[in-house]
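Asker: Structure incoming, see below.
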Amino acid sequence: MSDRFVFDAPKQLIEQQFGIHSDREDYFESDYNISPGARIPIIINDSEGQRQIRQALWGLLPPDADDERAGAEHYERAAGEIGDNSWVAECLEIRRCLMPAQGFYKWKTTSKKSTPFYIRLLTNEPMAIAGVYGIWESPSGRKVYSCTMLTTEANVLVQPVGDAMPVIIDQEDYEEWLHREILTDEARDRLIRTYPMGKMAVNRVSEKVNDVDNNGPELIQPIPK
């Protein structure tokens with residue numbers, strides 16, 4: 102599982118990297134311990150093909166959800182299992198998104214304890230995690246964006262702390278991923294793949310991250326081995 106991640110990048114950097122602009126300063130607030138059910142920024146193409154940033158619930162809401170809490174358990178989906186659920190498969194066809202992140206956490210679990218690790222790009226640049234989104238309408242008619250993170254097999258660097266990791270999209274592939282058309286099998290296989298280990302770094306971090314109430318840059322500071 103990859104059930105926590107970090108968003109910490111200046112607004113200007115996110116706008117430049119993802120080719121968007123927004124007057125909403127609150128979309129860019131740092132969060133070092135994001136957990137399912139939180140509201141997060143996502144990048145999408147709208148119905149006219151214009152790229153934009155939206156705020157979405159992390160946890161894809163089923164069409165028949167009774168309320169917004171119903172999406173919390175749908176925060177991630179293995180890419181190879183998308184076909185097992187028709188509404189997630191439909192989202193993959195025409196509602197793909199990017200989830201900007203500075204990095205994500207994974208835990209190495211033994212019989213004695215669970216040790217957290219922080220995984221980031223070697224360049225320390227924001228990563229673009231592949232996701233799909235939906236638009237759920239509440240009983241009052243309010244439209245709510247929600248999303249889920251796509252995962253795939255972990256690379257050799259990440260495998261010691263987990264057998265799966267988020268799908269990460271390179272910047273030159275943003276437009277192809279966000280384009281609101283069904284991906285060819287070739288494009289899907291090329292985009293949804295394990296990210297190269299040589300472009301990533303893994304660091305052990307403080308167990309303070311285990312508590313979702315803890316939040317701050319100290320959570321991602323490496324602990325010497």
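First residue of the sequence shown? That's 102 in our numbering, and the numbers climb one at a time after it. Note that CB positions come from ideal geometry on N, CA and C, so glycine has one too. Since we're looking at a predicted model, the values are computed, not measured.
Leaving out five residues before and five after Arg294 in sequence, what residues of the same chain have Cβ atoms less than 7 Å from its Cβ?
Answerer: Residue mapping note: residue 294 aligns to position 193 of the sequence shown, counting from 1. Same-chain partners within the cutoff: Thr253.
Asker: How about Leu199 and Ile143: do their beta carbons lie closer than 8 Å?
Answerer: The residue labelled residue 199 in the question sits at position 98 within the sequence shown. The residue labelled residue 143 in the question sits at position 42 within the sequence shown. For Leu199 and Ile143, yes; Cβs fall inside 8 Å.
Asker: Please return the same chain residues whose Cβ sits closer than 8 Å to the Cβ of Lys114, not counting the five positions on each side in sequence.
Answerer: Sequence index remark: in the sequence shown, residue 114 carries index 13 (1-based). What sits at residue 114 in the sequence shown is Leu, not Lys. If we look at Leu114 and ignore the five residues flanking it on each side, its Cβ neighbours are Pro227.
Asker: For Asp286, which of helix, strand or coil comes out of DSSP?
Answerer: For this step, residue 286 is matched to residue 185 along the sequence shown. Asp286: helix per DSSP, three-state reduction.
Asker: On the three-state DSSP scale, how would you describe Tyr128?
Answerer: Against the sequence shown, residue 128 aligns to sequence position 27. Look at Tyr128 here: in three-state DSSP terms it is helix.
Asker: With 16 other CB atoms within 10 Å as the buried threshold, where does Ala190 fall?
Answerer: On the sequence shown, residue 190 is found 89 positions in, with the first residue counted as 1. Exposed, because fewer than 16 other Cβ atoms sit within 10 Å of the Cβ of Ala190.
Asker: Taking 7 Å as the limit between beta carbons, can you name the residues of its chain near Tyr176, skipping five residues before and five after?
Answerer: In the sequence shown, residue 176 corresponds to position 75, counting from 1. Here the set comprises Asp104, Pro137, Trp159, Gly160, Thr249 and Met250.
Asker: Please work out which residues of its chain come closer than 8 Å, Cβ to Cβ, to Arg140, disregarding the five sequence neighbours upstream and downstream, and give them in chain order.
Answerer: Along the sequence shown, one-based indexing puts residue 140 at 39. Around Arg140: Gln156, Ala157, Leu158 and Trp159.
Asker: Could you tell me which of Ser215, Phe129, Trp237 and Gly242 sits nearest to Asp165, measuring between CA atoms?
Answerer: Taking the first residue of the sequence shown as position 1, residue 165 is located at position 64. Comparing Cα-Cα distances from Asp165 to each of Ser215, Phe129, Trp237 and Gly242, the minimum goes to Trp237.
Asker: Below 8 Å, how does it come out for the segment 255–266 and the segment 202–215: are there three or more Cβ pairs, yes or no?
Answerer: yes
Asker: Please list, in chain order, all residues of the same chain as Lys244 whose beta carbon is under 8 Å from its beta carbon, the five residues on each side excluded.
Answerer: In the sequence shown, counting from the first residue as 1, residue 244 sits at position 143. Around Lys244: Ile236, Trp237 and Glu238.
Asker: Nearest to Pro359 by alpha carbon, out of Glu169, Asp271 and Asp185?
Answerer: In the structure as shown, the chain starts at 102 and stops at 326, and residue 359 therefore has no counterpart that could be examined.
Asker: Using the Cα positions of Asn146 and Glu182, report the straight-line distance between them to the nearest angstrom.
Answerer: On the sequence shown, position 45 is the one that residue 146 refers to. On the sequence shown, position 81 is the one that residue 182 refers to. Computed Cα separation, rounded: 24 Å.
Asker: With Gln153 and Ile121 assumed to form a contact (beta carbons below 8 Å), what rounded beta-carbon distance in angstroms separates them?
Answerer: Against the sequence shown, residue 153 aligns to sequence position 52. Against the sequence shown, residue 121 aligns to sequence position 20. With 8 Å as the limit, Gln153 and Ile121 qualify as a contact, their Cβ atoms being about 6 Å apart.
Asker: Looking at the unbroken beta strand (DSSP E) that takes in Gln153, where does it start and where does it end?
Answerer: Sequence index remark: in the sequence shown, residue 153 carries index 52 (1-based). Gln153 -> beta strand (DSSP E) spans Arg152 to Trp159.
Asker: Is DSSP giving Gly120 helix, strand or coil here?
Answerer: By one-based count along the sequence shown, residue 120 stands at place 19. Of the three classes helix, strand and coil, the one that applies to Gly120 here is coil, per DSSP.
Asker: Could you give the C-beta distance for Gly172 and Ser247, rounded to a whole number, given that I count them as a contact under 8 Å?
Answerer: In the sequence shown, the residue the question calls residue 172 occupies position 71. In the sequence shown, the residue the question calls residue 247 occupies position 146. The Cβ separation is near 5 Å, so the contact holds.
Asker: Excluding the 5 residues flanking Ala179 on each side, which residues of the same chain have their C-beta closer than 6 Å to its C-beta?
Answerer: By one-based count along the sequence shown, residue 179 stands at place 78. Hits under 6 Å: Thr252.
Asker: Which residues in the same chain have their Cβ closer than 8 Å to the Cβ of Asn316, if we skip the five residues on either side of it in sequence?
Answerer: Along the sequence shown, one-based indexing puts residue 316 at 215. Here the set comprises Asp132, Tyr133 and Asn134.
Asker: Determine the burial state of Gly232: buried for a count of at least 16 other Cβ atoms within 10 Å of its Cβ, exposed for fewer.
Answerer: On the sequence shown, residue 232 is found 131 positions in, with the first residue counted as 1. That one is buried.
Asker: How many Å lie between Glu277 and Ser212 at the Cα?
Answerer: Here residue 277 corresponds to residue number 176 of the sequence shown, with the count starting at 1. Here residue 212 corresponds to residue number 111 of the sequence shown, with the count starting at 1. Looking at the two C-alpha atoms, the distance is approximately 43 Å.
Asker: If you follow the alpha helix (DSSP H) that Tyr275 is part of, which residue opens it and which one closes it?
Answerer: By one-based count along the sequence shown, residue 275 stands at place 174. Start and end: Tyr275 to Leu279.
Asker: Can you list, in chain order, the residues of its chain whose CB lies under 8 Å from that of Val259, leaving out five sequence neighbours each side?
Answerer: In the sequence shown, counting from the first residue as 1, residue 259 sits at position 158. Answer for Val259: Lys207, Ile220, Met266, Met298, Met301 and Val303, listed in chain order.
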